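**Student:** Supplied in structure tokens, the structure appears directly below.
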Amino acid sequence: MSNQAKYVFKGTPEQEQELLKVIDKYKNTEGALIPILHEAQEIYGYLPLEVQKIVSENANIPLAEIYGVVTFYAQFSLVPKGEYSIAVCLGTACYVKGSGNILEKIKEKLGIDVGECSEDGKFSLDATRCIGACGLAPVMTVNDEVYGRLEVKDVDKILEKYM
Amino acid sequence: MVNIKINGKDYSVAEGTTVLEAARSVGIDIPTLCYLKGVNEIGACRMCLVEVKGARALQAACVYPVSEGMEVMTNTPAVRNARKLNLELILSTHDRKCLTCVRNRNCELQALADNLGVTDIAYEGIRNEYDIDEISPSIVRDNNKCILCKRCVSTCKNVQTVAVIDAKNRGFNTEIGCAFDMPLAETPCVNCGQCITACPVGALREKSDIDRVWAALADPDKHVVVQTAPAVRAGLGEEFDMPIGTPVTGKMANALKQIGFDKVFDTDTGADLTIMEEGTEVIERIQNGGKLPVITSCSPGWVKFCEHNFPDFLDNLSSAKSPHEMFGAVLKTYYAQKQGIDPKNIVVVSIMPCTAKKFEAQRPELSNGDLQDVDIVLTTRELGRMIKQAGIDFKNIEDAPFDNPFGEATGAGVIFGATGGVMEAALRTVAEVLTGKSIENCDYTDVRGTDGIKRAEIKVGDLTLKAAVAHGLGNARKLLEAIREGKENYHFVEIMACPGGCVTGGGQPIRSAKERMDIDLKAERAKALYSEDINSQIRKSHENPVIKKLYDEFFEKPGSHKAHELLHTHYAKRENY
Ligand code: SF4
Ligand code: SF4
Ligand code: SF4
Ligand code: FES
Chain C
4 MSNQAKYVFK GTPEQEQELL KVIDKYKNTE GALIPILHEA QEIYGYLPLE VQKIVSENAN
64 IPLAEIYGVV TFYAQFSLVP KGEYSIAVCL GTACYVKGSG NILEKIKEKL GIDVGECSED
124 GKFSLDATRC IGACGLAPVM TVNDEVYGRL EVKDVDKILE KYM
Chain A
6 MVNIKINGKD YSVAEGTTVL EAARSVGIDI PTLCYLKGVN EIGACRMCLV EVKGARALQA
66 ACVYPVSEGM EVMTNTPAVR NARKLNLELI LSTHDRKCLT CVRNRNCELQ ALADNLGVTD
126 IAYEGIRNEY DIDEISPSIV RDNNKCILCK RCVSTCKNVQ TVAVIDAKNR GFNTEIGCAF
186 DMPLAETPCV NCGQCITACP VGALREKSDI DRVWAALADP DKHVVVQTAP AVRAGLGEEF
246 DMPIGTPVTG KMANALKQIG FDKVFDTDTG ADLTIMEEGT EVIERIQNGG KLPVITSCSP
306 GWVKFCEHNF PDFLDNLSSA KSPHEMFGAV LKTYYAQKQG IDPKNIVVVS IMPCTAKKFE
366 AQRPELSNGD LQDVDIVLTT RELGRMIKQA GIDFKNIEDA PFDNPFGEAT GAGVIFGATG
426 GVMEAALRTV AEVLTGKSIE NCDYTDVRGT DGIKRAEIKV GDLTLKAAVA HGLGNARKLL
486 EAIREGKENY HFVEIMACPG GCVTGGGQPI RSAKERMDID LKAERAKALY SEDINSQIRK
546 SHENPVIKKL YDEFFEKPGS HKAHELLHTH YAKRENY
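Chains C and A, in that order, give the protein sequences. Using my numbering, you'd call the opening residue of the first sequence number 4 and step up by one each time. Using my numbering, you'd call the opening residue of the second sequence number 6 and step up by one each time.
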């Protein structure tokens, strides 16, 4: 089974109503799948099976096709964003200064991989391209907070602030 | 017509065709891989590149329309090099283990490598390793062999309107699969196997049950009985390079005896029994104001499709089991008693043109006590392999008859294998029962042929019986929607999941896209069945002496209590995901 199954879906009836309105809005529009999915992701934060099924049944588009589109475009996510969204820069400057090791350390500490979210919904982890803070390399961000000139030993302290 | 030049010669070709079709029509071959006539014309693989004068780059012939005055070159160094380069790129990431591949010697990729003169693959690409999905009882998917041509995707989505497989991910990680990486068995896949016969390579195959049959045959305690569906005789010869549409009934029966089956029976007898039960149901529902239309239920792909997508029609389905299931039930009761064999020791093997029959045989309701009516289902292709494994010289083997006590079947049973055949067979019996008269001309040609949906009005005594026949699930969907909306109404509807019916079922021999450009397999294989029908001594199910005896000695009459217990079944709505 795919790894997205472990996140408990917490969608509300209000969110579903909102999504149905979106689908209805695009009822007579050709090629509306991508805009529908965008709005669905705005509503739910990500696009799990439950959400894709609502789109499939109400927009009358096969689930396999929707899944194909969701996995084709990088902007769509199958996993929720954590309360704290961590991003480690793997741009060249950060990478040569050891951001790879920082990333490994975070993975180990949180027990999640890149693109995943911890089971309690607290942390999600992404690896990004250059974020333009090369002067501070290596860099990671937690939500809007930027941490620079990192060493592996800093990781524990930073994460503990959010735990 | 438009005038074009191909390789410097003038031709007049049909307007609105593609360069590929035009070239083919004048005997010039252009290699293809992703193209499948009428199903997948997406210009993805670039194997069919040609030079078009005035065009900037090489063009994909399979999607390039002809136009007046056009000049095409199909065999220049640039064309040959580009095609070969494309092919080598595909091969560089392909799991090239032909010797152990199900499609060895019947593979379009292998044939291209041969035809284009690939002797060496210069680059060794990195390959993704994919898990093989073999959870479904019918279909195995092996993406290690997949070349991403999407012929399966188009078939499942556009022809069958089931749409459970599609391309996912992107770039190097692109693969064909189901939503959320589910195994096929957890989706609304109907097991029709049309994706298998569309696939140019060994990425899709049936779940093989050959070893289970060999094991049963080797077990001295087992009485192993085999039955063969009508369409198998119309296809099996092709596995031995015989011309398409060669009926091989006698050779097949003999080969099965040589393989070692204790008895070799004909599912046509089961088909005759189905007609008696289903025909009775049609008559009763017409006379007593029952649920109409009656819809046939012999095609297990169609039945599962109905359970997923048209649950409001489940009461319309005939409750009659499909022919091989009925026959299995008879073998484990009537036959077991007559022969004094404990039914537990009978193994019923069905040779079917169909992968969905493998799923059907496992349905818990198709059983009696704790015994399934049918134990093992093999496809026509698997039987071909068994015959080869047994070292039988199929082409030169003598004919043999089917075994008694079920040695006799009718022309009605034989035509079950083609679209319209179940309807026609039923009409032959229904018409005589309703009018009480013997009807001389029993050819109902309106329901024959390869049109996707056929509609007919048939005079039966005072009644004008309205009938419709659909084959291929996309056509079935259209017809059912029209009925649901009240735009059309019928007494009797036949639906088969596969386009063409069982003769082109998902378990039948696989023909290349190139052959399918020139030959309509549906029509050619059906000819074998209609010729056997016309040559039959008996052409109506109710006149089959075996069937009469079965009712006299065992079932009493069609629709009796015992018949309902053993020969009928029920259906239930299934969730989509
Ligand atoms: S799919 Fe074709 S080319 Fe590939 S291993 Fe099988 S036979 Fe060989
Ligand atoms: S078996 Fe039929 S329904 Fe299932 S994936 Fe293949 S084409 Fe689609
Ligand atoms: S499974 Fe076969 S038909 Fe489908 S995309 Fe792969 S190679 Fe083509
Ligand atoms: S692009 Fe023409 S056959 Fe694939």
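Glycine is no exception: its CB is placed at the ideal position from the N, C-alpha and C atoms. Everything numeric in this text was worked out from a predicted model, so none of it was measured.
Pick out whichever of A/Pro248, A/Ala19, A/Lys268 has its Cα sitting closest to the Cα of A/His228.
**Tutor:** Residue mapping note: residue 228 of chain A aligns to position 223 of the second sequence, counting from 1. Nearest C-alpha to A/His228: A/Lys268.
**Student:** Do you know offhand how far A/Val123's Cα is from A/Glu312's?
**Tutor:** On the second sequence, position 118 is the one that residue 123 of chain A refers to. On the second sequence, position 307 is the one that residue 312 of chain A refers to. Going by the C-alpha atoms only, they are around 48 Å apart.
**Student:** So C/Val91 and C/Ile105 are in contact, right, with Cβ under 8 Å, and what is the actual spacing, rounded?
**Tutor:** One-based indexing of the first sequence puts residue 91 of chain C at position 88. One-based indexing of the first sequence puts residue 105 of chain C at position 102. About 6 Å; that satisfies the 8 Å criterion.
**Student:** Where does C/Ser5 fall in DSSP's three states?
**Tutor:** Your numbering for residue 5 of chain C matches position 2 in the first sequence. Residue placement at C/Ser5 is flagged as unreliable, the pLDDT there being 47, under the threshold of 50; the coordinate-derived value follows with that caveat. If DSSP states are grouped into helix, strand and coil, C/Ser5 belongs with coil.
**Student:** What are the boundary residues of the alpha helix (DSSP H) that includes A/Ser143?
**Tutor:** For the purposes of this step, residue 143 of chain A is taken as the residue at position 138 of the second sequence. Premise fails: A/Ser143 is in no alpha helix (DSSP H) and is neither H nor E.
**Student:** Sorry if obvious, but does the Cβ on A/Cys67 come closer than 8 Å to a heavy atom of ligand 4?
**Tutor:** Stepping through the second sequence from its first residue, residue 67 of chain A is reached at position 62. A/Cys67: yes, Cβ under 8 Å from ligand 4.
**Student:** Closer than 8 Å to a non-hydrogen atom of ligand 1 - does that hold for the CB of A/Val107?
**Tutor:** Residue 107 of chain A sits at position 102 when you count from the first residue of the second sequence. The answer is yes for A/Val107.
**Student:** Near C/Ser5, what residues of its chain come up, given a Cβ to Cβ distance below 6 Å and the 5 sequence neighbours on each side ignored?
**Tutor:** To locate residue 5 of chain C, count along the first sequence from 1; it is residue 2. Bear in mind that the predicted position of C/Ser5 carries a pLDDT of just 47, short of 50, making it too unreliable to give a figure here.
**Student:** Check the Cβ-Cβ distances between C/Pro16 and every residue of chain A, and say whether any is below 9 Å.
**Tutor:** As a position in the first sequence, residue 16 of chain C is number 13, starting the count at 1. Output row for C/Pro16: interface = no.
**Student:** Does C/Tyr70 come within less than 9 Å of chain A when only Cβ atoms are used?
**Tutor:** Stepping through the first sequence from its first residue, residue 70 of chain C is reached at position 67. Yes, contact with chain A.
**Student:** Tell me which residues share the same chain as C/Tyr76 and place their Cβ nearer than 8 Å to its Cβ, disregarding the 5 neighbours each side in the sequence.
**Tutor:** Reading the first sequence from its first residue, position 73 is the one you call residue 76 of chain C. These residues qualify, in order along the chain: Ile37.
**Student:** Mind pulling the chain C residues with CB within less than 9 Å of A/Lys162?
**Tutor:** Looking up residue 162 of chain A in the second sequence gives position 157. Those are Pro65, Ala67, Glu68, listed as they occur along chain C.
**Student:** Give the straight-line distance between the Cα atoms of A/Val379 and A/Gly345, rounded to the nearest whole angstrom.
**Tutor:** Residue numbering aside, residue 379 of chain A sits at position 374 when the second sequence is read from its first letter. Residue numbering aside, residue 345 of chain A sits at position 340 when the second sequence is read from its first letter. Rounded to whole angstroms, A/Val379 to A/Gly345 spans 19 Å at the Cα level.
**Student:** Residue range of the beta strand (DSSP E) that A/His476 falls in?
**Tutor:** For the purposes of this step, residue 476 of chain A is taken as residue 471 along the second sequence, with counting starting at 1. Where A/His476 is concerned, the enclosing beta strand (DSSP E) stretches over 468-476.
**Student:** What does C/Tyr150 pair with, by DSSP beta-bridge criteria?
**Tutor:** Mapped onto the first sequence, residue 150 of chain C falls at position 147. Paired residue(s): C/Met143.
**Student:** DSSP puts A/Ala431 in a beta bridge; with which residues?
**Tutor:** Here residue 431 of chain A is taken as the residue at index 426 of the second sequence, counted from 1. None, per the DSSP bridge assignment.
**Student:** Between the stretch 330-343 of chain A and the stretch 498-514 of chain A, do three or more beta carbon pairs fall short of 8 Å?
**Tutor:** With a cut-off of 8 Å, the stretch 498-514 of chain A and the stretch 330-343 of chain A do not count as touching, because too few Cβ pairs lie within range.
**Student:** Ignore the nearest five residues each way along the sequence and tell me which others in A/Ile181's own chain have a CB closer than 8 Å to its CB.
**Tutor:** Indexing the second sequence from 1 puts residue 181 of chain A at position 176. Only Arg146, Asn148, Cys151, Leu153, Lys155, Cys157, Val158, Ile170, Asp171, Ala172, Lys173, Ala208 meet the Cβ criterion.
**Student:** In terms of alpha-carbon separation, which member of C/Tyr98, C/Ser102, C/Leu22 lies closest to C/Ser59?
**Tutor:** In the first sequence, counting from the first residue as 1, residue 59 of chain C sits at position 56. The option with the nearest alpha carbon to C/Ser59 is C/Leu22.
**Student:** Assign A/Leu104 to one of two classes, buried (16 or more other C-beta atoms within 10 Å of its C-beta) or exposed (fewer than that).
**Tutor:** Position 99 of the second sequence, counted from the start, is the residue given in the question as residue 104 of chain A. The residue in question, A/Leu104, is exposed, as its Cβ has fewer than 16 Cβ neighbours within 10 Å.
**Student:** Compute the distance between the beta-carbons of A/Phe185 and A/Phe399, then report whether it is under 9 Å.
**Tutor:** Stepping through the second sequence from its first residue, residue 185 of chain A is reached at position 180. Stepping through the second sequence from its first residue, residue 399 of chain A is reached at position 394. It is not a contact, given that the beta carbons lie outside the stated cut-off.
**Student:** Measure the beta-carbon distance from A/Val206 to A/Ala361 and round it to whole angstroms, keeping in mind my assumption that it falls under 8 Å.
**Tutor:** Residue numbering aside, residue 206 of chain A sits at position 201 when the second sequence is read from its first letter. Residue numbering aside, residue 361 of chain A sits at position 356 when the second sequence is read from its first letter. With 8 Å as the limit, A/Val206 and A/Ala361 do not qualify as a contact, their Cβ atoms being about 22 Å apart.
**Student:** Counting Cβ pairs, one atom from each stretch, are 3 or more of them under 8 Å apart for the stretch 461-471 of chain A and the stretch 384-391 of chain A?
**Tutor:** Taking 8 Å as the limit for Cβ pairs, the verdict is that the stretch 384-391 of chain A does not touch the stretch 461-471 of chain A.
**Student:** Are the CB atoms of A/Val352 and A/Gly422 nearer to each other than 9 Å?
**Tutor:** Working through the second sequence from its first residue, we reach residue 352 of chain A at position 347. Working through the second sequence from its first residue, we reach residue 422 of chain A at position 417. Not a contact, by the Cβ cut-off of 9 Å.
**Student:** Terminal residues of the continuous alpha helix (DSSP H) containing A/Arg521?
**Tutor:** Here residue 521 of chain A refers to the residue found at position 516 of the second sequence. Note, A/Arg521: alpha helix (DSSP H), 518-523.
**Student:** So, using beta-carbon positions, are A/Ile9 and A/Val71 closer together than 9 Å?
**Tutor:** Within the second sequence, numbered from 1, the residue matching residue 9 of chain A stands at position 4. Within the second sequence, numbered from 1, the residue matching residue 71 of chain A stands at position 66. Yes; because the gap between Cβ atoms is below 9 Å, this pair is in contact.
**Student:** Which whole-angstrom value is the C-beta distance of A/Leu526 and A/Gly505, which I expect to be below 8 Å?
**Tutor:** For this step, residue 526 of chain A is matched to residue 521 along the second sequence. For this step, residue 505 of chain A is matched to residue 500 along the second sequence. Their Cβ separation, rounded to whole angstroms, is 7 Å, which keeps A/Leu526 and A/Gly505 in contact under 8 Å.
**Student:** Please indicate yes or no: does the CB of A/Ile500 lie closer than 8 Å to some heavy atom of ligand 2?
**Tutor:** As a working mapping, residue 500 of chain A is identified with position 495 in the second sequence. Not under cutoff, so the answer is no.
**Student:** Report yes if the C-beta distance between A/Ile515 and A/Asn111 is below 9 Å; otherwise report no.
**Tutor:** Counted from its first residue, the second sequence places residue 515 of chain A at position 510. Counted from its first residue, the second sequence places residue 111 of chain A at position 106. Yes, the pair counts as a contact, with Cβ atoms nearer than the cut-off.
**Student:** Check whether chain A comes within 9 Å of C/Glu60, counting only Cβ atoms and requiring the distance to be less than that.
**Tutor:** Stepping through the first sequence from its first residue, residue 60 of chain C is reached at position 57. So yes, C/Glu60 belongs to the interface.
**Student:** In the structure shown, what three-state DSSP assignment does C/Gly101 receive?
**Tutor:** As a first step, residue 101 of chain C must be located in the first sequence, where it is residue number 98. DSSP places C/Gly101 in coil when its eight states are reduced to three.
**Student:** Might you give, ordered along the chain, the residues of its own chain that have their beta carbon closer than 8 Å to the beta carbon of A/Asp347, omitting 5 neighbours on each side?
**Tutor:** One-based indexing of the second sequence puts residue 347 of chain A at position 342. Cβ neighbours of A/Asp347 beyond the five flanking positions: Ala341.
**Student:** Report yes if the C-beta of A/Ala417 is less than 8 Å from at least one heavy atom of ligand 1; otherwise report no.
**Tutor:** Against the second sequence, residue 417 of chain A aligns to sequence position 412. Flag unset: Cβ of A/Ala417 not near ligand 1.
**Student:** List, in chain order, every chain B residue whose beta-carbon is nearer than 8 Å to that of A/Arg386.
**Tutor:** Given the protein chain composition of this structure (C and A), no chain B is represented.
**Student:** When the Cα of C/Tyr29 is compared with those of C/Met143, C/Gln18, C/Ala43, which residue comes out closest?
**Tutor:** On the first sequence, residue 29 of chain C is found 26 positions in, with the first residue counted as 1. For C/Tyr29, the nearest C-alpha among the options comes from C/Ala43.
**Student:** Just the chain A side, please: which residues come within less than 8 Å of C/Leu52 by C-beta, in chain order?
**Tutor:** Residue mapping note: residue 52 of chain C aligns to position 49 of the first sequence, counting from 1. Near C/Leu52 (Cβ distances below 8 Å), the residues of chain A are Ala184, Phe185, Tyr582.
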